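Engineer: Heads up: the protein sequence lines correspond to chains X and Z, in order. Residue 2 is where the first sequence starts when you use this note's numbering, and the numbers rise one by one after that. Residue 1090 is where the second sequence starts when you use this note's numbering, and the numbers rise one by one after that. Just dropping this structure here.
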Amino acid sequence: MKWTPPMHRVLGDRRAILILLGPALLVYSLIMLVPMVWSLGYSFTKGNTIDGFTGNGLDNFQRLFTDEAVRDALWFTLKYGAVVTVGQVVAGYLLALLYVFFLKKSSALIRTLAFFPVVLPTVAVGLLFQKFFQVAPQTGPVNSLLNAVGIDSIDFFGSAGSAFWVLIGMDIWRSMGFYAVLLFAGLVDIPDEVLESARLDGASGLRLIRHIVLPLSLPVLMSSLIFSINGTLKVFDSVVALTNGGPGSGTTPLTLYMFQTSFTYSDYGYGSTIALLLTVVCLLVSLVVYRVSQRDLTEG
Amino acid sequence: MSPRMSRAHRARLSLFTAGAASLSLLATACGGSGASSSSAPKDFSYLSVTENTAVKTALTTLSKGECEAQNKALPLKVETVPQASLDQKLQLLAGQDALPVQFAAGNAPALTNQLEGSGKIADLEKELKDLGVLDQIEPAAVSTVKALYDGKLAVLPYEYNIEGIFYNKKLFTENGISEPATWDALVDASAKLESKGVQPFSASGQQGWPLTRLISGYLYRSLGPDALKKVAEGKAALTDPEYVKAAEEVAELGKKGYFGKGLGSIDYDTAMNQFLSGKAAMFYMGSWALSNISDAEQNKVGAENVGFMPFPAVAGGKGAIGQYPSNVGLGITLARKSFDDKAGDWTACIAKNYGATVLKDQGAISGFKVNGDVKDANEVTTQVRETIGGSKQNVLWFEALFSTKATTISQTNAASLVSGSMTPQKFMQTVQDALTAQ
């Protein structure tokens, strides 16, 4: 019998591979794939947990195209996703530049302080912002400041427009520390020699950043963008904590509308259909961003 | 060859060890406990809403008093969820055939009717008759329950409320205002109060229903007692001009600032507090508020300064001022599956003793008869009790006959209607669409 290394003999054996990978694949399938297919199945049903479910063909998909609330929720989701993604990455990048070029010695302390909101519970942050921006029964700090300079109190949560911007501000504040650290790592990777030679050639300040630092940061910026857009499209906890989708349904994203449809209105079939729409939107946006980033890298 | 055999053996052992470890991890990851479904309940389990403490408090009192024996046989165990999550919880429990012995039966009567239709709820009329305590429920309460639940006694009237406008007598007197009997007089009174720097109304925009109550109040006066029954039956639509008119009138109050600032952020407790601390002159609410009004710690203006008036008449309307909106609060019912002798004994004890207990301890009125002598906590409570006793015809509320979805949409958009960010036409259209979508 020809001698072969024991490791090769174990891992080369097809049975060994199956035994080692099988459980992981099985768990993944049960926890991820089965529920996804199950949910897709629900998209073709009508009913609820009390009365049971019956098939209704493509009615749920047809309803998807005529439901005004879905269009509103989809529009809110896209609008929110675009604004918060840009806000998170821009705020994060500005902070990262601050850390690297302007704060040098105290950078670690400021990084820690800026990162702090990331670890706070979303509900706590939601309550904090509610109190900050509230108008009644007590005048919150923001309205107190406005009153101090002679401006009447604004009911920020009373209209969808102003509630939207408070929500945007909260989410950017909450997560910019994370993106700052991510982008900071990208910035410190830029070789000092490149920066030094650029300075010797006369580039300084904004010109240095615009022509040297920014292009070299592109890979990590694109990564941040992809990471951010996926998170923001699926926003749920921030909205529930701050506005609960209100006023009315003025700040209701697809995720919350799906949740309400399934669990408050007990319309699981249609809720699953909305979930499918959300999945498709996320895939499309990710695909677009990914292809853009691929092209940029190729040209670079 | 011996070392080689030994190594092969060790390799085979490693293989099995790795496989076994993976399988045990798999079992751990996927393992779930099997559901045990014993038929006899171990507790008198009661699922309530966080916001309602009155029933829980009274049941706890009974469990240590008149119903002590029943409590020993089947201990009271109260669990609460926020009211906004109640319907979701009930649907999941019903789907798992795991409803508690007693539970708050859904924000919208529609859900309770669905549970009843699926055979989840005990046949209370039959059970109470068998227990010999059906006569312990006031006839008016029985008729209100049946009006809500397709002619069935689907819930117990732990609360029996009529609704109207509580007002601050002192603020009215100081500003030369008498109790308004018509809608126009109410609007005039509000304008006068506003001009004197008094907030005319407090209301919870966050919950929404205190605002939509005003819409239905107006409709019952302008179009008569069957105004919303017609909508439920499809004979009328909320988008009809005479229905939109009601939304317009209520929105006008908001437009003039009569509800104060930040209405959408005001919750029930805050609104109650605004009234009881004298910051608002009027508070549309049900008689369950009497327990707060009777509480000297909460009520800074004094119970003697609180008046109660019916929703005013609308000029040329078909409704009458004596038709009070009535409800049984958050309907509470019992599960069919777990209604056994012990649960029956508990229920009979509640029927006999709850009315007196809750009136004596909390100054609250229920749909159960009051046995024994109990003195009213204050004059306004006496007035409300006499009004209930003398009431001949009652009406419901805006969402009483709505689906769960229409109820939610109505209540979450009410603040937008009143604060002016949603037009009356749009509000009624949105709710009507939710009704029609069934």
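Glycine residues also receive a C-beta, built at the ideal position from the N, C-alpha and C atoms. Note that the coordinates shown come from a computational prediction; the quantities given were computed from them, not determined experimentally.
Strictly below 8 angstroms CB to CB, what residues from chain X border Thr1470(Z)?
Structural biologist: The contacting residues do not exist; Thr1470(Z) stays about 27 angstroms from chain X at best.
Engineer: What number of angstroms, rounded off, separates the C-alpha of Pro1274(Z) from the C-alpha of Gly1294(Z)?
Structural biologist: Before going on, a small fix: residue 1274(Z) reads as Ala here, not Pro. If I take the Cα positions, the gap works out to 24 angstroms.
Engineer: Measure the C-alpha to C-alpha separation of Thr86(X) and His212(X) and round it to an integer number of angstroms.
Structural biologist: So the two alpha carbons sit approximately 23 angstroms from each other.
Engineer: Residue ranges of each alpha helix (DSSP H) run of no fewer than 4 residues wholly in the stretch 95-133 of chain X, ordered along the chain?
Structural biologist: Segments of the alpha helix (DSSP H) lying fully in the stretch 95-133 of chain X: 108-120.
Engineer: I need the straight-line Cα distance from Lys106(X) to Ser239(X), nearest angstrom please.
Structural biologist: C-alpha separation (whole angstroms): 34 angstroms.
Engineer: Assign Ser1122(Z) to one of two classes, buried (16 or more other C-beta atoms within 10 Å of its C-beta) or exposed (fewer than that).
Structural biologist: Only weak support is given to the placement of Ser1122(Z): the predicted model assigns it a pLDDT of 38, under 50, and the value that follows is read from those uncertain coordinates. Under this definition Ser1122(Z) is an exposed residue.
Engineer: Can you tell me the Cβ-Cβ gap for Gln1472(Z) and Ser1380(Z), rounded? I've got them flagged as a contact below 8 angstroms.
Structural biologist: That belief does not hold up - the Cβ atoms of Gln1472(Z) and Ser1380(Z) are roughly 15 angstroms apart, past 8 angstroms.
Engineer: Inspect the beta-carbon positions of Pro254(X) and Ala164(X) and report whether they are closer than 8 angstroms.
Structural biologist: No, the pair does not count as a contact, with Cβ atoms beyond the cut-off.
Engineer: Please report the distance separating the alpha-carbon of Gln1185(Z) from that of Asn1141(Z).
Structural biologist: Roughly 25 angstroms between the two C-alpha positions.
Engineer: With DSSP collapsed to three states, give me the class of Gly1286(Z).
Structural biologist: Here Gly1286(Z) sits in coil by DSSP.
Engineer: Could you confirm whether any beta carbon from chain X is found closer than 8 angstroms to the beta carbon of Ser1126(Z)?
Structural biologist: Note that Ser1126(Z) has pLDDT 47, beneath the 50 cutoff, so the model's placement of it is unreliable and the number below is only indicative. So, not an interface residue.
Engineer: Cα separation between Leu1078(Z) and Leu1213(Z)?
Structural biologist: Look at the range of chain Z in this structure, 1090 to 1527, and you will see that residue 1078(Z) is not part of it.
Engineer: Which residues does DSSP list as the beta-bridge partners of Leu1245(Z)?
Structural biologist: Per DSSP, Ile1421(Z).
Engineer: Contact defined as beta carbons within less than 8 angstroms: I believe Asp1176(Z) pairs with Leu1200(Z). What is the distance between those atoms, to the nearest angstrom?
Structural biologist: The Cβ separation is near 5 angstroms, so the contact holds.
Engineer: Between the Cα of Tyr1238(Z) and those of Asn1202(Z), Asn1160(Z), Glu1268(Z), spot the shortest distance and give me the residue it belongs to.
Structural biologist: Of the candidates Asn1202(Z), Asn1160(Z), Glu1268(Z), the one whose C-alpha sits nearest the C-alpha of Tyr1238(Z) is Asn1202(Z).
Engineer: With a threshold of 8 angstroms, are at least 3 pairs of Cβ atoms found where one atom belongs to the stretch 272-289 of chain X and the other to the stretch 36-46 of chain X?
Structural biologist: Touching, yes.
Engineer: Please classify Ala1194(Z): does DSSP put it in a helix, a strand, or coil?
Structural biologist: Correct three-state label for Ala1194(Z): coil.
Engineer: Can you tell me which of the three DSSP states Ser1125(Z) falls into?
Structural biologist: Any reading at Ser1125(Z) is ruled out, since the residue's pLDDT is 43, under 50, leaving its predicted position unreliable.
Engineer: For the alpha helix (DSSP H) that contains Gly1253(Z), what are its first and last residues?
Structural biologist: Per DSSP, Gly1253(Z) belongs to no alpha helix (DSSP H); it is in the beta strand (DSSP E), 1250-1257.
Engineer: For Glu1227(Z), count the other beta carbons within 10 Å of its own beta carbon; 16 or more makes it buried, fewer makes it exposed. Which is it?
Structural biologist: So Glu1227(Z) ends up on the buried side.
Engineer: Does Ile1355(Z) pass the burial test, meaning 16 or more other C-beta atoms within 10 Å, or should it be called exposed?
Structural biologist: Classification for Ile1355(Z): buried.
Engineer: Could you tell me if Ile152(X) is buried or exposed, where buried requires 16 or more neighbouring beta carbons within 10 angstroms of its beta carbon?
Structural biologist: Answer is exposed; the Cβ neighbour count stays below 16.
Engineer: Tell me which residue opens and which closes the alpha helix (DSSP H) that Lys1166(Z) is part of.
Structural biologist: Careful: Lys1166(Z) lies outside any alpha helix (DSSP H), inside the beta strand (DSSP E) at 1165-1170.
Engineer: Does Gln1296(Z) pass the burial test, meaning 16 or more other C-beta atoms within 10 Å, or should it be called exposed?
Structural biologist: Buried, by the Cβ-count rule.
Engineer: Is Ile1210(Z) helix, strand or coil by DSSP?
Structural biologist: Looking at Ile1210(Z) - three-state DSSP - the assignment turns out to be strand.
Engineer: Would you verify that the beta carbon of Gly301(X) is, or is not, closer than 8 angstroms to some beta carbon of chain Z?
Structural biologist: Residue confidence for Gly301(X) is low, a pLDDT of 47 falling below 50, so the modelled location carries little weight; the figure read from the coordinates is stated next. Closer than 8 angstroms: no.
Engineer: Quick check on Gln63(X) - is its C-beta less than 8 angstroms from some C-beta in chain Z?
Structural biologist: No, Gln63(X) lies away from the interface with chain Z (no Cβ there is under 8 angstroms from its Cβ).
Engineer: Would the stretch 1253-1268 of chain Z count as touching the stretch 1208-1225 of chain Z if we require 3 or more Cβ pairs under 8 angstroms?
Structural biologist: The stretch 1253-1268 of chain Z, when compared against the stretch 1208-1225 of chain Z, does not touch it at the 8 angstroms Cβ threshold.
Engineer: Could you tell me which whole alpha helix (DSSP H) segments of length 4 or greater appear in the stretch 1357-1392 of chain Z?
Structural biologist: Listed in chain order, they are 1357-1365, 1379-1382.
Engineer: Rounding to the nearest angstrom, what Cα-Cα distance links Arg1302(Z) and Ala1292(Z) in this structure?
Structural biologist: Those two C-alpha atoms are separated by around 11 angstroms.
Engineer: Let's test the definition: count the other Cβ atoms within 10 Å of the Cβ of Ser124(X) and tell me whether it reaches 16, buried, or not, exposed.
Structural biologist: According to the sequence shown, residue 124(X) is Val rather than Ser. Exposed, by the Cβ-count rule.
Engineer: Terminal residues of the continuous beta strand (DSSP E) containing Val1138(Z)?
Structural biologist: 1133-1138 is the span of the beta strand (DSSP E), which, as asked, contains Val1138(Z).
Engineer: Helix, strand or coil: which one does DSSP assign to Met1511(Z)?
Structural biologist: Coil, per DSSP.
Engineer: Considering only the beta carbon of each residue, do Lys1209(Z) and Leu1188(Z) sit closer than 8 angstroms?
Structural biologist: Contact: yes.
Engineer: Closer than 7 angstroms, Cβ to any Cβ of chain Z: which residues of the stretch 259-273 of chain X, in chain order?
Structural biologist: From the stretch 259-273 of chain X, only Phe264, Thr265, Tyr266, Ser267 have a Cβ closer than 7 angstroms to chain Z.
Engineer: Do you know how far the Cα of Thr1169(Z) is from the Cα of Leu1136(Z)?
Structural biologist: Going from the Cα of Leu1136(Z) to the Cα of Thr1169(Z) covers about 6 angstroms.
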